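Counted from 1, the sequence shown has number 418 at position 299 by this note's numbering; the numbering is strictly sequential.
Data first, discussion second: the structure below is written as structure tokens.
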Amino acid sequence: MNLLNSTYNGIQWVHLLDSGKAGPTVGISACTHGWEHAWLRVINHLVDDFWIAQKLVCGKIFLILTNIQAYELSLQTSHPADARFVDENLNRCCTEENLLTWTSYEANRARELEPILANLEYHLDIHSTYSKSQAVWIITEKWKERMGAVMNVDVVFENLTQVQIGRPFIDITERHGGVWIWLEAWWEEDEAWFRIGVENSLRLLSDLKLLEDSSVDSNQYPIKENKKIFVYWSVVPKGKNFQPARNFNHGNIVQKNEVIGQDDVWTHVASEDSIIIMPSVPEKLRIILEKGQIEEFCFLGRIS
Ligand SMILES: [Zn+2]
């Protein structure tokens, strides 16, 4: 299957697998950030090697390549951050208000996909990170109430979406009644993401009973820690020249009152002992701020 040639109702780069039988409607999307190609290989594996189309016993699966122009840009550029988005961050710009009024490429693409996203019961959006990270699953209250433990990851972040800027792409599904699943599947340049993406896609499809013979082999995929961390804050630059206080890595600990970074107008200080979550690569953040966009330098998790 070549997703890049697929269309659904005239919408480019959407492919529908339809069992023809009643059941859940699930969306799996990739390249919400253009450079994050991880999912393309995951979905090719699921379709071409694992044969999910042939194994689909009920329901529907939409496969969506989200940010077409940023993906195309990513094939031509030297630094990944150049191709994170074209006009604005698709994973921050999906507030209802933005989608009504903005004219950016990303807002237009989100509007074009909205009729599909609004009818999904579950939307899995797979990302990868720009530096070393973990298998990360970002959950909402709705997921906690309805689903519980389905995925297998190193860490589960609660409340992150309450402290991030704007609304992410998958919020469109959630506010129309569905449930979102946001997976950060490790660093793009480390092959770990492939296994994380494949395993967790199969876990979801298996839990929803969409596929025959899809149980996940626990020998091949050992159970991870699935440690829950409450995200209480995000460090958002207020000026263009943000400088981190040191070279932070994902999982580093900072003490109460420790300086995390500084920009033209603000010194960012930890208000309690905290875990640094998904710090931006300085080069990436610089490119984003220069484009006039705002994005978190990092999130802060509670140590409990
Ligand atoms: Zn991403």
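Note that beta-carbon positions come from the ideal geometry of N, C-alpha and C, so glycine has one too.
All values reported here derive from a predicted model rather than from experimental measurement.
Checklist entry - Measuring from the CB of F288, is there a heavy atom of ligand 2 at a distance below 6 Å? => result Looking at this structure, you won't find ligand 2 anywhere; what it does contain is ligand 1.
Checklist entry - Do you know how far the Cα of Y241 is from the Cα of V298? => result 5 Å
Item to check | H152 CB to nearest heavy atom of ligand 1 below 6 Å | outcome: yes
Checklist entry - Can we count H198 as close to ligand 1, meaning its CB is less than 6 Å from some heavy atom? => result no
Next on the checklist: Given a cut-off of 7 Å on the beta-carbon distance, is the pair H246 and E155 in contact?
Outcome noted: yes
Next on the checklist: I'd like to check one pair, K174 with L330: are the Cβ atoms closer than 7 Å?
Outcome noted: yes
Checklist entry - From L419, I407, K375, pick the residue whose C-alpha is nearest to that of I394; which is it? => result L419
Item to check | Where T248 sits in the DSSP three-state scheme | outcome: strand
Item to check | Proximal residues to I315 (C-beta, below 6 Å), its chain only, five neighbours per side dropped | outcome: A254, A304, W305
Item to check | Integer Cβ distance of I284 from I413, believed to fall under 8 Å | outcome: 6 Å
Item to check | 7 Å CB neighbourhood of I289 in its chain, flanking five on each side removed | outcome: H242, D244, W299, W301
Checklist entry - Looking at V133 and Q183, is the spacing between their C-beta atoms short of 7 Å? => result The question names Gln, but residue 183 in the sequence shown is Ile. Cβ distance < 7 Å, so I183 and V133 count as in contact.
Checklist entry - Regarding H246 and ligand 1, is the C-beta to nearest heavy atom distance less than 6 Å? => result yes
Item to check | E155 Cβ short of 6 Å to ligand 1 heavy atom set | outcome: yes
Item to check | Given I348 as reference, the closest of V272, L135, L232 once Cα atoms are compared | outcome: V272
Checklist entry - Which ranges does the beta strand (DSSP E) cover as unbroken runs of at least 3 residues, wholly within the stretch 205-291, from first to last along the chain? => result 241-248, 254-258, 274-277
Next on the checklist: Contact defined as beta carbons within less than 8 Å: I believe F416 pairs with F361. What is the distance between those atoms, to the nearest angstrom?
Outcome noted: 6 Å
Checklist entry - Should L194 be labelled buried (16 or more other beta-carbon atoms within 10 Å of its own) or exposed? => result exposed
Next on the checklist: Tell me the residue span of the beta strand (DSSP E) that contains D344.
Outcome noted: One point to set straight first is that residue 344 is Glu, not Asp, in the sequence displayed. Counting along the chain, E344 falls outside any beta strand (DSSP E), and DSSP gives it neither H nor E.
Next on the checklist: Going by beta-carbon coordinates alone, are V384 and K357 separated by less than 7 Å?
Outcome noted: yes
Checklist entry - Quick one: what's got a C-beta closer than 7 Å to P401's C-beta in the same chain, skipping five residues either side? => result P363
Next on the checklist: Tell me which residues share the same chain as V161 and place their Cβ nearer than 6 Å to its Cβ, disregarding the 5 neighbours each side in the sequence.
Outcome noted: G316, V317
Item to check | Under the three-state DSSP convention, the category K174 falls into | outcome: helix
Item to check | Contact check, N186 vs T214, beta carbons under 7 Å | outcome: no
Next on the checklist: Mapping the DSSP letters down to three states, classify V400 as helix, strand or coil.
Outcome noted: coil
Checklist entry - So, is D201 buried or exposed, given that buried needs 16 or more other C-beta atoms within 10 angstroms? => result buried
Next on the checklist: Contact criterion: CB-CB distance below 7 Å. Does L279 meet it with respect to chain B?
Outcome noted: No chain B appears in this structure, which consists of one protein chain only.
Next on the checklist: I'd like the ranges of any alpha helix (DSSP H) spanning at least 4 consecutive residues and lying wholly in the stretch 371-423.
Outcome noted: 401-409
Item to check | Endpoints, the beta strand (DSSP E) within which F169 is located | outcome: Unbroken run through F169: none, as it is neither H nor E.
Checklist entry - What is the DSSP secondary structure of D137, counted as helix, strand or coil? => result strand
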